[in-house]
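Structure first, then comments.
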Amino acid sequence: MFSARPPEEIANESAYLELGLRTQYCKKLSVYQEYAATEAKLQTVETAQQRRSLRKRLSTLRSRRYSIENQEKALEAGLCTLRIEMRNNLAWNLARTQSCCPSPVWDPPRPDTPLDATSPPFVPRWGFFSDWKDAGKLEKVDETGEESSNECNVTQFDGGVGQGSEGSVSPSAQEPSMSDTVEGIQEPSRRRSFDDGTLSLAERRLSLPYIPTEWI
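Numbering (this note's numbering), first residue to last: 309 to 524.
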């Protein structure tokens with residue numbers, strides 16, 4: 309199974325090869341300088357024995373130069389191999405990380421506008437909260453009309469009793485109690501307050517007290 313080398317080991321080997329490459333470069337520079345000086349000296353000597361020795365020296369310098377160039381090529385090839393290995397290790401680590409986390413982490417969006425202390429408080433506007441400002445302004449109910457209608461009902465009821473009926477009915481059975489009357493008035497309003505989405509302010513007054521909710 310393929311196992312990547314630690315990056316410290318690759319870095320140490322790369323530093324070693326770079327140091328050897330600089331050393332070979334310095335050696336090649338000295339060989340070039342000596343070769344140029346020997347070739348210039350060969351042009352000035354007159355004896356054959358000195359020329360022969362200088363030519364041998366030039367041949368030795370050329371062989372050293374070829375050896376240094378071969379060493380440089382080997383070091384450069386090693387550095388290229390290390391670069392490829394480092395690139396492969398990076399790709400392998402990236403693939404392993406993606407396999408461990410197949411789906412990206414979702415970050416919920418944040419508002420772009422910063423918070424401001426001078427901004428007005430947030431108030432939800434939905435349902436009963438849409439008209440909370442007008443909660444104190446209740447509709448006026450015509451109580452005089454209600455009283456007149458109640459008097460008519462009482463008159464009709466009394467008239468029926470005065471005419472008489474076949475069976476005698478006790479006054480307690482004919483007249484409804486106060487609790488039954490209040491429940492008869494409030495029960496339809498309460499039922500409609502749960503069934504209907506919107507109620508008038510007059511019907512809401514007969515139901516539970518309206519308490520506006522405000523978020524600050």
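Idealized CB from N, CA, C, for every residue including glycine.
Bear in mind that the values here come from a model prediction, so they are computed numbers and not experimental data.
Let me know if residue i comes out buried or exposed under the rule of 16 or more other beta-carbons within 10 Å of its beta-carbon.
i	result
Q332	buried
L402	exposed
V339	buried
L383	buried
Could you tell me the alpha carbon to alpha carbon distance between residue i and residue j, rounded to whole angstroms?
i	j	result
Q357	K364	11 Å
E380	G328	8 Å
N397	R404	10 Å
A323	R359	43 Å
G386	S311	20 Å
R370	L325	24 Å
A425	R418	18 Å
K335	L366	16 Å
V353	S361	11 Å
A319	R372	30 Å
E316	M394	11 Å
L337	A399	39 Å
Y374	Q341	15 Å
R330	Y343	20 Å
E321	P422	52 Å
T355	E377	33 Å
Quick check on DSSP: helix, strand or coil for residue i?
i	result
V339	helix
E354	coil
T416	Contrary to the premise, residue 416 reads as Pro rather than Thr in this sequence. Here P416 sits in coil by DSSP.
R313	coil
L398	helix
T368	helix
S361	helix
T389	helix
A425	coil
Within 8 Å, do at least three Cβ pairs link the region 382-401 to the region 335-354?
no
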